[in-house]
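Protein sequences appear in the order of chains A and B.
Here the first sequence stands for residues 1 to 594, where the numbers follow the working numbering.
Here the second sequence stands for residues 595 to 1188, where the numbers follow the working numbering.
Only one structure is covered here, and it is reproduced in the block below.
Number of protein chains: 2
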Amino acid sequence: MTVYTAPIDDMRFVLNELLHAETLTELPGYEEATPDLVDAVLSEAGKLCEEVLLPLNRTGDEEGCTYENGVVRLPSGFKEAYEAFVQSGWGSLAADPEFGGQGLPATLGAMVKEMACSSNISLAILPGLTEGAYHLLERWGSDEQKAKWLPKMVEGTWSGTMCLTEPHSGTDLGLIRTRAEPADDGSYRISGTKIFISCGEQDATENIVHLVLAKLPDAPAGIRGISLFLVPKFLVKEDGAMGPRNGVACGSIEHKMGIKASPTCVMNFEDAEGYLVGPPHKGMRVMFTMMNDARLAVGMQGLGLAETAYQSAADYAKERLQGRSLSGAMAPDKPADPIIVHPDVRRMLLTMRAYTEGGRALAAWTALNLDIAAKHPDDARREEADDLVSLLTPIVKAFLTDIGSECANLGVQVFGGHGYIREWGMEQLVRDARIAQLYEGANGIQALDLVGRKMGQHTGRLLRRFFHPGMDFIEAEMEKSEMQDFVLPFAKAFGRLQQATAWIAQQGLRDPEEAGAAATDYLRLFGLTALAYLWARMAAVALEKAGDDETGFYRAKLATARFYMTRILPQTSSLFAAIMAGKKPLMELEAELF
Amino acid sequence: MTVYTAPIDDMRFVLNELLHAETLTELPGYEEATPDLVDAVLSEAGKLCEEVLLPLNRTGDEEGCTYENGVVRLPSGFKEAYEAFVQSGWGSLAADPEFGGQGLPATLGAMVKEMACSSNISLAILPGLTEGAYHLLERWGSDEQKAKWLPKMVEGTWSGTMCLTEPHSGTDLGLIRTRAEPADDGSYRISGTKIFISCGEQDATENIVHLVLAKLPDAPAGIRGISLFLVPKFLVKEDGAMGPRNGVACGSIEHKMGIKASPTCVMNFEDAEGYLVGPPHKGMRVMFTMMNDARLAVGMQGLGLAETAYQSAADYAKERLQGRSLSGAMAPDKPADPIIVHPDVRRMLLTMRAYTEGGRALAAWTALNLDIAAKHPDDARREEADDLVSLLTPIVKAFLTDIGSECANLGVQVFGGHGYIREWGMEQLVRDARIAQLYEGANGIQALDLVGRKMGQHTGRLLRRFFHPGMDFIEAEMEKSEMQDFVLPFAKAFGRLQQATAWIAQQGLRDPEEAGAAATDYLRLFGLTALAYLWARMAAVALEKAGDDETGFYRAKLATARFYMTRILPQTSSLFAAIMAGKKPLMELEAELF
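Below is the structure:
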C-alpha cells in the first residue's frame, strides 16, 4: 500500500536551515510569516492531507468522474474533502487579504501544494487551478472584475479554469478558432470548442470561472491576435447574486491514463457571455501569468508524487522479507532479510530520495524568489529574484515532472509484481505522474523556453542569477577539506553546464535548430546541476550540525548528498556529450523515411 | 491512434544481411528454413497480427477479463483470435515435428513473437507460455509425459502455465510452502496457493497444463528442496480422453495496471493430482528451462511494444500540424508544419528507432545462437553459442524491457496531451510495457544474474563470447575511413565495458555487495555496448549497399546508426562513472534512516 506522512522535518530544514526563510518576515506583508506560524501551517495542512485527502486517492481512481447530460460528478467524498481543504484556507494561502486570502508567502504555498499532490493529485488540481486564475485576475483584471470575482474564488466557493487548447491547436495556440463578438453592453459573445479543460465542469463549486482564449473579429492572424475572456458558468448579477446559466457546457469528459478523479472536459461555448481581461490581442501575455503559475504548480505535482513513491517504497523495502544479504544474513531469526539489505534496492530508494529532497530544495528556492520578486522593497533585489524565477520555471516544471515519473516507476520496481497490481496503489502513482510531463506545455516546450527565451533574455542576465551564486559557492567552499565530496562534483557539473551554455548560445544565434536539438538534454543538465548546487549547500549545513544529530537527520542528508554526487550527477557527462554532438544526427534523415 | 505494420523489411535485413541466417539451413533439422520460407512465414504471421490481433488490442484493454465462480473469461474476440493464431501454426513454429510442430528455427519464432507482442501483448502471452511449458517438458519430461501432453499443447488446444510465486515468496523461491504428497499410484497430491499466474485460468483452451513448484515431504530446506510437478486442470485418461476436473481452481484475478486482457490468477491447489517432472528436489533447475525461454520471450514483449510506439509516433509526427520549423516554414501552404520538423520530436523518434532496430538485431543474434546451440553438429560451436545465449539472456530480458518502457513513454510524449487519452492507444503501451520489467525475474534480478552468475561462469568464458567478436570487429574495421563514425564510438564504449567488467569481477570476488551495487548500471552499459556493436555491424552492411538504395532503407540505417553513436551511446560514460563509485554510497545509510 502507499503510505504518506507529510515530510515536515525536511520542509523545516529546507526553509529554516538551507534558505533562511525567516527573512521572509522582513518583506512588507509577510511580517507574520514567522517560523512558528509556518510550522503550524505545515503541520495542520499536512494532517488534512494525510487524513482527508489520502484515503480518497485510491477510491477516486477506481470510481473516476461521471458525465451525464452535461453534468460532471466527482467521485464519492471528493466534494466534502475539497470543502474541508478550502475551508481550512489552504487553497487561498497566498491570496491577498483584501480578497479574503491569508496573504502568506508563496514559499509556504508551494509546500502545501506538494503535500496535497502527494496525497491526492486529482483533488489538488481543482484549488490549484483556482489559485492560478486568481493570480491572473489579480494582475490583469479591472477593479470591478476583481471585486466581483475574486472573493468567492479565494473562498473556494467558485473555481477557475484555463481554456486554451482546441482539437487542432495545442502547443501552437496561434491556430485557435474560438471567436469573441463584441456585444452592445461592452461584454462579448464567445463561441468555440475547447478540449483538455481540467475541472471544466464539476459538482464541487457553485460557479466556475473560465479564462478563455479567443479571437476578436479584428484580430491579427496567429499568436498576436489572441485575447483573454472571463466566461462564467453562471452569470453573476450586479448585486453578486447568481444569475442564469451562461452559454457554456461540458460536451464530454476524457477517459485517461490517470488523474481519473479530476475531470478533463470538452467545453462548448455558444454565444457565451464573456468579459475581456487585459488589453485586446494581448491574451497570450495575460494567460502567461496563469501559465507560469501553473508550471510551478505542475512541478509540485511531480515532486509530490515522487515523495509518496519514495515513502511507500522505503516502507515496503523495510518490511518485505525476501532473500539474504550478500554479506550474510541480517535477520537470521527471520525466514529472509528485508529487501532493503540489497544494494540494488538501495540504489532505487536513494535515487528517489536524492531527487525528491533535492527537488524540494529547488522548488522552495524558486518559490522564495517568487516572494522576494513580489514583495521586496528594493527594485534590484526584485528584478534579480524575478530573473531567477523566470529562469528556473521551465526547469521546475520539466525536470521535477520527469523525476516524478522516474521515481514513481522506481517505486513500482521496488514493489516487484505487487507494484503492478492496482490495489497496492503504486501503479496509480505512475499513471498520475505521467500527465505532468505533458500538460501546461509538454516538457520539450519547457526546454525550448529555456534555450530559446530564457537563455538569451537581457543578454544572459537570467543565467547569471544562477551562475554567480554557483561560482561564489564554489570559491567559498573549494578549499574546505570536509566539503570536497560535494564541491568537486558540483564544480565539474557546473563547468559542463557553463560550457554547454556558451556553445548553445553561440550555435543558436547562427542556427536556432542547434538550440532546439540541444534543448531537452540541456534542461536536464541544468536541473541536475541545480540540484547538485542545492545538495552541496545542504551538505554544508548538515556538516555544521553533525555534532548535534540525535535522530540521524543530518547523517542521512550527508549520505544522500554523497549518493547524489557519485551515482546520479555523472549523468551530466553523457548529457554534455549528447548536446555537443549537435543537430546533424537529428536532422539528416528525411521525414519520409521515418 | 496506434498503427502497426509488421516490419518485414527490417527483419529481412537483420536475418539475411546482418546475420546471414541462410546458414540456418545447414543445421540438421532446419534444412527447409530457406530465406524464401522465412519470408513467407514472416509475411503470413505479420498479416494475421495486423488484421486479427491488433484490432482487439484496445477493446481487450477496455473490456478486460472477468471472473465469476472460478470461471475466467477473456475479452470478446480473444478466443477466436487465439484459435486463428494457433491454427495457423504460429504458436508451435519451433516445436518438434514429432509432436506436431513445424520444427522451424527459434530465430524465426522470436520474430513472430515480436509481431504478436507489437499487435496484442495480452493475447501473445497465452501461446508464449504454452511454448515455454512445451520446451520444459520436451527437455525434462518422460517419454510417456511427452507423448501424453505435448501434441495437444503444440496444437494449442491445451495451454501451459508456470506456477512459482506465492504471496510471501516471489524472488526468493526457497520460501515456498506448496506441498506435494506422494500418492500410491506414483503421482502426487499438490496443495498450496500460487499467485500472479498468467493465464492460470481462461476460456480459450480445453485444458491447462500447470507446471508447479512444490516441496516433497523429505525436501531439504530452501531453494534446493523444490520439485516440479505437472498439474492439469482436467485429468487426462490413458486413452487421451478428458477426465474429471482436478483439484486446482482459480480463486480470483488481479486488477492490474495493464495487460488487462491477460488474466493474472490466484490459483488454489487442493490435493490436486500432479506428476513429478525431472528429478526430485531439482525443480529449480528444471524450471530454469522455462524461465530462460520466458526471459527471452519477455524481451520480445519490450521490443514489440517499442516498435508499435515508434511506428505510431512517427505516423503522428508526420500528420500533426503544429508550429513552424525553426529554420522557416516547411509546409507554407498549410496552417502549420508537421511536428516532425522539430529537432526535439526527431530526438524522441530516433531514440525509439535506434533502440528498436538495435534491439531487434540483438534479439535475433541471441535467437540465432539458440538455434546453433540446439542443432549444430560441432560440440565446440554448440558450446560457444550456448555460452553467448546464457550471457545475453538477462540483457535481452532487462535491457529490451527497459527500452520498451522508455519507447512507450516517448511515444506518449510525441502525442502530447492526446497520448494521455485512452482512445488514442498510446498510454496503453506504457501500461502494458511496464509489466515486462517486473515479471520473469525483476530487472534487478537479471542484473544480478549477469554479474553474479554469468560473469564468473567458467572463469569468464561466457564474457569472451562477446568480447572476442567485439575486438575482432574493431581490429578489422578500425582503419576503414568510412567506418570511423561507427567503430570509434563503439570501441570507446567497449573499452569502458571491459574496464568495468574487470573491476567488478575483481571487487566482486572480495565483496559480493560490490557486484550487487554495480549490477543494474553494468547491465545497461552492456546492453548499450552490445547495441553499439550491432549498429556498427549494420552500418558496415549499409555502407556496402548504399549505392543500390532505391527506397532509402540503407540511408536510414546509416542515419540511425550515427544518431545512436552520438546521442545515445554517450550514456555509457555516466554509467561507467556510477559503477566505479562502488558500493559505499549505497550502503552507508542505516536502514532505519530510510
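Every residue, glycine too, gets a C-beta built ideally from N, C-alpha and C.
Contact annotation: B/Ala-900 and B/Phe-1157 have beta-carbon atoms that are not nearer than 8 Å. In chain order, Gln-1007 make up the part of chain B whose C-beta sits under 7 Å from the C-beta of A/Gln-437. B/Gln-1093 sits exposed, since fewer than 16 C-beta atoms from the chains shown fall within 10 Å of its C-beta. Identification of chain B residues near A/Leu-326 by a Cβ-Cβ cut-off of 7 Å yields Pro-1106, Glu-1107 and Gly-1110, ordered along the chain. In the three-state scheme derived from DSSP, where H, G and I count as helix and E and B as strand, B/Ile-1029 is classed as helix.
Think of a sphere of 9 Å around the beta carbon of B/Asp-1043: no beta carbon from chain A falls inside it, the nearest being about 12 Å out. Assignment of A/Asn-207 by DSSP, reduced to helix, strand and coil, places it in the strand class. Look at A/Leu-593: its C-beta is under 8 Å from a C-beta on chain B. Contacts with chain B at 8 Å (Cβ-Cβ) do not include A/Gly-247. DSSP lists A/Glu-181 and A/Glu-273 as the bridge partner or partners of A/Arg-189. For A/Lys-334, the closest Cβ of chain B is not nearer than 8 Å. A/Gly-160 is bridged by DSSP to A/Val-209.
The beta carbon of A/Ser-573 falls within 8 Å of a beta carbon belonging to chain B, placing the residue at that interface.
In this structure, the CA atom of B/Thr-660 is about 33 Å from the CA atom of A/Glu-201. Contact check for A/Leu-19 against A/Trp-365 passes: the beta carbons are separated by less than 8 Å. Here the alpha carbon of A/Ile-259 sits roughly 16 Å from the alpha carbon of B/Val-1006. Between A/Ile-421 and chain B, the shortest Cβ-Cβ separation is below 8 Å.
Contact note: A/Gln-322 reaches chain B through Ser-763, Gly-764, Thr-765, Asp-766 and Leu-769, using a C-beta cutoff of 8 Å and chain order.
Under the DSSP assignment, B/Pro-857 falls outside any beta strand (DSSP E); it carries neither an H nor an E label.
At least one beta carbon of chain A lies nearer than 8 Å to the beta carbon of B/His-936. Around B/Val-935, the same chain offers Ser-919 and Met-924 as residues with beta carbons nearer than 6 Å, after the five sequence neighbours per side are excluded.
Taking 8 Å as the threshold, the shortest C-beta distance from A/Thr-566 to chain B falls below it. In terms of beta-carbon proximity, A/Arg-382 stays away from the interface with chain B, with every pair separated by 8 Å or more. With contact defined as three or more Cβ pairs closer than 8 Å, the stretch 618 to 626 of chain B and the stretch 639 to 647 of chain B are not in contact. The stretch 486 to 503 of chain A and the stretch 370 to 377 of chain A do not touch, with fewer than three beta-carbon pairs separated by less than 8 Å.
A direct Cα-Cα distance of roughly 35 Å separates A/Glu-131 from A/Phe-473.
For the stretch 362 to 379 of chain A, the beta-carbon criterion of a distance under 8 Å to any beta-carbon of chain B is satisfied by none of its residues.
For the options B/Met-878, B/Phe-790, B/Ala-1155 and B/Gly-683, the alpha carbon positioned closest to that of B/Gly-845 is the one of B/Phe-790. Secondary structure note for A/Ala-33: it is in no alpha helix (DSSP H), with a DSSP letter that is neither H nor E. Listed along chain A, the residues sitting closer than 7 Å to B/Ala-1171 by beta-carbon distance are Pro-570 and Ser-573.
Inclusion of A/Val-209 and A/Phe-229 in the CB contact set at 8 Å is not warranted, their separation being larger than that value. DSSP, read as helix, strand or coil, puts B/Pro-929 in coil. Distance from the CA atom of A/Glu-32 to the CA atom of B/Ala-1113, rounded to whole angstroms, is 52 Å. Shown here for B/Lys-991: same chain residues with a beta carbon closer than 6 Å to its own, the five before and five after excluded, namely Arg-889, Val-892, Gly-893 and Gln-1040 in chain order. A straight-line Cα-Cα distance of about 14 Å links B/Phe-993 and B/Val-1045.
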